[in-house]
Amino acid sequence: MSQYKQEPSEKDLEDAVKFRADIHKEALGKIRLVKPDIDSVIDPYRVEDYFQWNWEYPGAWYLYVAIPEGYRSRDAFVQFLVKNTLDHYSGR
748 MSQYKQEPSE KDLEDAVKFR ADIHKEALGK IRLVKPDIDS VIDPYRVEDY
798 FQWNWEYPGA WYLYVAIPEG YRSRDAFVQF LVKNTLDHYS GR
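Residue numbers (this note's numbering): 748 to 839.
Below, the structure written as C-alpha cells:
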C-alpha cells in the first residue's frame, strides 16, 4: 500500500456492507422487543462511514471496517441506532 490513501476496493465495500447488515440485525432484534412491527433500522450513516483509516509506521495508510467514528463501542452504536429508529417511528 502506498503512502497515499486509496479508494476502497470492491472487497472493502462488500465487507462494510456485511458489517453494517450485522449491526442492523443486532439493532433490529432490540427494536422488535419494544415494537415488533418495525422491520428496518434508521441509520443516518452511509456505508462509506463504516471505513476507518489508520496511519501505520513507517508511512502507509491502511483501511479497515469499523463502527462510524464518534462511538465508544459497538454496543453504544447499536443503542444509538435503536433510539434513532424508535424515535423515527414514534414521530419524534
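Ideal Cβ placement from N, Cα and C applies to all residues, glycine included. Computed from a predicted structure; not experimentally measured.
- Just so you know, the alpha carbons of V812 and S820 end up roughly 14 Å apart.
- For A763, the enclosing alpha helix (DSSP H) stretches over residues 757–781.
- In the DSSP annotation of this structure, the continuous segment of the alpha helix (DSSP H) that includes Y836 starts and ends at 821–836.
- Separation of G817 and N831 (C-alpha to C-alpha, rounded to the nearest whole angstrom) is 15 Å.
- Around A774, the same chain offers V788, V825, L828, V829 as residues with beta carbons nearer than 6 Å, after the five sequence neighbours per side are excluded.
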